[in-house]
Amino acid sequence: MCIDFKVLHQESSSQARCGLLETPHGCVETPVFMPVGTKGTVKAMTPEELRRVGTQLVLSNTYHLFLRPGADVIAEAGGLHRFMNWQGPILTDSGGFQVFSLSDLNEVSDEGVVFQSHLDGSRHCFPPEKAVEVQEKLGADIIMAFDDVVPYPTTEERAAEAVRRTTDWAYRCRKAQTADTKQALFGIVQGSVFSKLRTRSAEELVELDFPGYAVGGLSVGEPEELFYELLEHTVPLLPPEKPRYVMGIGTPDYIMEAVWNGVDMFDCVMPTRIARNGTVFTSSGRLTIRNAQFARDYGALDPNCSCYVCSNYSRAYLRHLMKSNEILGLRLTTWHNLYFLHSFVSELRQAIRENRLEVFRSQFWHQYSGQAPS
Ligand SMILES: [Zn+2]
Numbered sequence: 259m260c261i262d263f264k265v266l267h268q269e270s271s272s273q274a275r276c277g278l279l280e281t282p283h284g285c286v287e288t289p290v291f292m293p294v295g296t297k298g299t300v301k302a303m304t305p306e307e308l309r310r311v312g313t314q315l316v317l318s319n320t321y322h323l324f325l326r327p328g329a330d331v332i333a334e335a336g337g338l339h340r341f342m343n344w345q346g347p348i349l350t351d352s353g354g355f356q357v358f359s360l361s362d363l364n365e366v367s368d369e370g371v372v373f374q375s376h377l378d379g380s381r382h383c384f385p386p387e388k389a390v391e392v393q394e395k396l397g398a399d400i401i402m403a404f405d406d407v408v409p410y411p412t413t414e415e416r417a418a419e420a421v422r423r424t425t426d427w428a429y430r431c432r433k434a435q436t437a438d439t440k441q442a443l444f445g446i447v448q449g450s451v452f453s454k455l456r457t458r459s460a461e462e463l464v465e466l467d468f469p470g471y472a473v474g475g476l477s478v479g480e481p482e483e484l485f486y487e488l489l490e491h492t493v494p495l496l497p498p499e500k501p502r503y504v505m506g507i508g509t510p511d512y513i514m515e516a517v518w519n520g521v522d523m524f525d526c527v528m529p530t531r532i533a534r535n536g537t538v539f540t541s542s543g544r545l546t547i548r549n550a551q552f553a554r555d556y557g558a559l560d561p562n563c564s565c566y567v568c569s570n571y572s573r574a575y576l577r578h579l580m581k582s583n584e585i586l587g588l589r590l591t592t593w594h595n596l597y598f599l600h601s602f603v604s605e606l607r608q609a610i611r612e613n614r615l616e617v618f619r620s621q622f623w624h625q626y627s628g629q630a631p632s
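Have a look at this one:
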């Protein structure tokens, strides 16, 4: 077996659970946030630093690595773990989302997609089998089925077509896996904002019995209430004994609600991207460190955070670094944001184990600037 997942504790007041995900490159405690190493690096952080901030599992993007440096280069290097010097578990996405969002998409058909690289305009045919072949060369512990991703908003007709195609492609991806692979292939539930289609997609994929399931096509610009509604609708449709992954979420509010609804894994490029622009998470909401109000603020980014950055540097210094475009500035804001999210998720795990998530959640929404879901 490629991975093994055990639910260790089911929280009493919610759908939340703590689990242990065993992979060929080590164990992961869930719920878990996965930082995104788009091009085989979580920008600005070494693997040792990632460990230090609490990273257990790294996500990397098939689309980017396929175009540059190429899957063969990475395979010859001994796989992605060795190539990027991260010996912990890795998950690669299938490329579906990037093909739809970054490339110049020429054609989507039942066969697959034809797209042009956003780098040099080169043309590529990408049937689902190719997504598996490339991900096998990269060698991640968990790989994703190739899905038909639709933008928001879309018509019910187009969303239904994407569901049909996603199931068909998921089946083809599984068939394309070579017998000796140790990689766990996850299916991705689509259906846009249509709950009936979400149900159909989940049922069809569950029938195919994947070792784990992702909910895709959420957090793509739909209103927040709709995200919460669809989350609540979709997650219970997935088998409780398997890991459940919601793609593309990485802020405390969305993570809080995903975990509450029984989600085990989530990823997002946002925490590291906003850090490089000088925006940091704090226990009372986001803060833009470039703002003039911090010029003489000698306190920590977040007085409640015990990370290396908050223990040693002031808001005034970090503001100065960011304003001066010093490399250290974006390294330190990235460090803090990752530590902050990982320790937030670790607190969630603790609250789940102690059956006090309901209280934790209401305190969170009281403190965090944002709208609590009704
Ligand atoms: Zn900190």
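Sequential numbering from 259 applies to the sequence shown in my numbering.
All C-beta atoms in this analysis are idealised placements derived from N, C-alpha and C, irrespective of residue type, glycine included.
Closer than 7 Å: residue i CB and nearest ligand 1 heavy atom
i	result
C565	yes
H600	no
Y597	yes
D555	no
L559	yes
C260	no
C383	no
S267	Position check: residue 267 holds His in this sequence, whereas Ser was assumed. Not so, every heavy atom of ligand 1 lies at least 7 Å from the Cβ.
C568	yes
Close Cβ partners of residue i (< 6 Å) along its chain, the five nearest in sequence each way excluded
i	result
Q273	N519, G520
V371	V357, F384
Y236	Nothing can be reported for residue 236, as the shown portion of the chain is limited to 259 through 632.
C526	G506, I507, G508
A533	T591, T592, N595
H322	T296, K297
R381	Q374
Buried versus exposed, by CB contacts within 10 Å (16 or more), residue i
i	result
V331	exposed
H624	exposed
L363	exposed
P561	exposed
K454	exposed
I261	buried
D368	exposed
P510	buried
A417	buried
S569	exposed
Contacts around residue i, its chain only, beta-carbon distance under 7 Å, and the 5 residues preceding and following it disregarded
i	result
G536	T546, I547, R548, M580, T591
H267	R275, C276, I610, R611
G587	L576, L579, M580
L338	G298, S318, I332, I348, L396, G397, A398
G474	D405, V407, I446, V447, Q448, M505
T492	V447, R456, A460, V473
F355	V407
T553	This sequence places Ala at residue 553; Thr is not what is there. Excluding positions up to five away in sequence, the list reads A574, R577.
Under 8 Å between C-beta atoms of residue i and residue j
i	j	result
P386	W427	yes
F404	A420	no
V451	L484	yes
F618	C563	no
V311	H600	yes
L596	P289	no
Q320	V392	A small fix is needed here, since residue 320 is Thr in this sequence, not Gln. Against a cut-off of 8 Å, the Cβ pair of V392 and T320 comes out as a contact.
L615	S271	yes
T530	K301	yes
L377	L325	yes
P305	N343	yes
Neighbourhood of residue i by C-beta distance below 8 Å, restricted to the same chain and skipping five residues each side
i	result
T425	S459, E462, L463, L466
A437	none
Y471	F444, G445, I446, V447, A460, L463, V464, L496, P497, K500, P501, R502, Y503
S572	D555, Y556, G557, A558
Cβ-heavy atom distance, residue i to ligand 3, below 7 Å
i	result
H594	With respect to small molecules bound, the structure shown includes ligand 1 and not ligand 3.
| Whole runs of the beta strand (DSSP E) within the segment 290 to 369, excluding any shorter than 3 residues | As far as the segment 290 to 369 is concerned, its whole beta strand (DSSP E) runs of at least 3 residues are 290 to 295, 316 to 319, 348 to 351, 362 to 367.
| field | 4-residue-minimum alpha helix (DSSP H) runs that sit fully inside the segment 396 to 433, ordered along the chain | value | none
| query | Can you list, in chain order, the stretches of the alpha helix (DSSP H) that have 4 or more residues and sit fully within the segment 427 to 510? | reply | 453 to 465, 482 to 492
| Which ranges does the beta strand (DSSP E) cover as unbroken runs of at least 3 residues, wholly within the segment 527 to 558, from first to last along the chain? | Entirely contained in the segment 527 to 558, the beta strand (DSSP E) runs reaching 3 residues are, in chain order, 537 to 540, 543 to 546.
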